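Accompanying notes for the structure given below.
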Amino acid sequence: MKFFIDTANLDQIKEAQALGILDGVTTNPSLMAKEGITGHDNILKHYVAICEAVEGDVSAEVISVDFEGMVREGEALAELHPQIVVKIPMIKEGVKALKYFSQKGIKTNCTLIFSAGQALLAAKAGATYVSPFIGRLDDVSTDGLNLIQEIRHIYDNYAFQTEILAASVRHTMHIIDCAKIGADVMTGPLSAITGLLNHPLTDIGLAKFLEDHKKGN
Ligand code: G3P
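Going by numbering that gives the first Met the number 0, the sequence shown opens with residue 0, and the numbers climb by one from there.
Right under this line is the structure:
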């Protein structure tokens with residue numbers, strides 16, 4: 000399972016990268032705004048800085064909602080750095096853009112996936128990744144993990160190569176459940192990733208080992 004960090008915060012990206020378990024980064028316009036990154040040129044510079052801080056795929060989202068605009072923006076984003084994956088929303092024009100980029104060999108991440116039907120369309124259009132937002136489904140009393148399961152089933156039926164990128168991950172159990180189901184990738188905040196480290200018995204056990212070692216010296 001690949002681990003992506005879902006943030007535009009460079010310090011957090013570098014911290015996850017230093018752990019040695021990071022496979023990529025996802026961003027979106029809200030995450031960029033949260034870091035105070037505004038204005039076309041600053042946003043592009045920030046994508047390059049993220050690419051230089053990590054080794055894997057870095058999703059950069061288009062703002063256009065028409066095919067021509069998505070193509071123009073996506074091509075410019077893809078030219079920024081070889082690690083850029085063009086993030087496209089799941090709308091009709093987006094499906095056309097996914098197909099266009101797929102034929103050009105440019106990687107894509109189809110975002111805002113909330114149903115199995117949307118995931119099926121994105122795979123047929125040749126998306127590299129689909130991003131089902133599991134946390135946001137949970138927020139409206141709909142089982143986000145069930146969607147991951149449905150998509151896994153459909154993709155396996157037809158051997159679709161599109162990778163399931165579980166997004167809107169909020170906590171450690173989301174990550175563990177996605178791994179059990181067989182999501183290819185998860186993207187979540189640093190807190191969910193480092194949360195996997197924690198177990199009180201590890202802390203108690205380590206404290207005891209260190210204490211006993213002192214006794215013997
Ligand atoms: O990867 C999608 C993500 O950024 C959305 O997360 O927590 O805003 O639902 P959230």
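Even for Gly, the Cβ is constructed at its ideal location relative to N, Cα and C. Given the structure is predicted, the values throughout are model-derived calculations rather than measurements.
(message) Please state whether the Cβ-Cβ distance between Thr110 and Ser101 is less than 8 Å.
(response) In this structure, Ser101 does not lie closer than 8 Å to Thr110 by Cβ.
(message) For a test of the three-state rule: what should DSSP assign to Ile153, helix, strand or coil?
(response) Ile153 falls in the helix class under three-state DSSP.
(message) So for Asp142, helix, strand or coil by DSSP?
(response) DSSP, read as helix, strand or coil, puts Asp142 in coil.
(message) Under 7 Å: does the beta carbon of Ser63 sit that close to some heavy atom of the ligand G3P?
(response) Proximity of the beta carbon of Ser63 to the ligand G3P is not indicated: no heavy atom of the ligand is located closer than 7 Å.
(request) Return yes when at least one heavy atom of the ligand G3P lies under 7 Å from the C-beta of Thr141, else no. (result) No, Cβ of Thr141 sits at least 7 Å from all heavy atoms of the ligand G3P.
(request) Tell me whether the beta-carbon of Phe3 lies closer than 8 Å to the beta-carbon of Thr186. (result) It is a contact, given that the beta carbons lie within the stated cut-off.
(message) Can you find the residues in the same chain that come closer than 7 Å, C-beta to C-beta, to Lys98, ignoring five residues on each side of it along the sequence?
(response) Closer than 7 Å at Cβ, skipping near neighbours: Ala124 and Gly125.
(request) Rounded to whole angstroms, what's the CA-CA distance from Ala17 to Asp65? Just pull it up for me. (result) One C-alpha to the other measures close to 39 Å.
(request) Have a look at Lys47 and Glu78 and give me their C-alpha separation to the nearest angstrom. (result) The sequence shown places Val at residue 47, rather than the Lys named in the question. About 10 Å.
(request) Say yes only if the C-beta of Asp5 is nearer than 7 Å to one or more non-hydrogen atoms of the ligand G3P, and no if none qualify. (result) Closer than 7 Å to some heavy atom of the ligand G3P: that describes the Cβ of Asp5.
(message) Is Ala166 near the ligand G3P - that is, is its Cβ less than 7 Å away from at least one heavy atom of it?
(response) Yes, the Cβ of Ala166 comes within 7 Å of a heavy atom of the ligand G3P.
(request) Would you grab the beta carbon distance between Asp183 and Leu164 for me? Rounded to a whole angstrom, and I think it's under 8 Å. (result) Indeed, because the Cβ distance is near 7 Å, the residues count as touching under 8 Å.
(request) Hey, could you find the ends of the beta strand (DSSP E) Met185 is sitting in? (result) Here the beta strand (DSSP E) through Met185 covers Val184 to Gly187.
(request) Please determine, among Ile49, Leu21 and Ile20, the residue with the shortest C-alpha to C-alpha distance to Asn27. (result) Of Ile49, Leu21 and Ile20, the residue nearest in Cα terms is Ile49.
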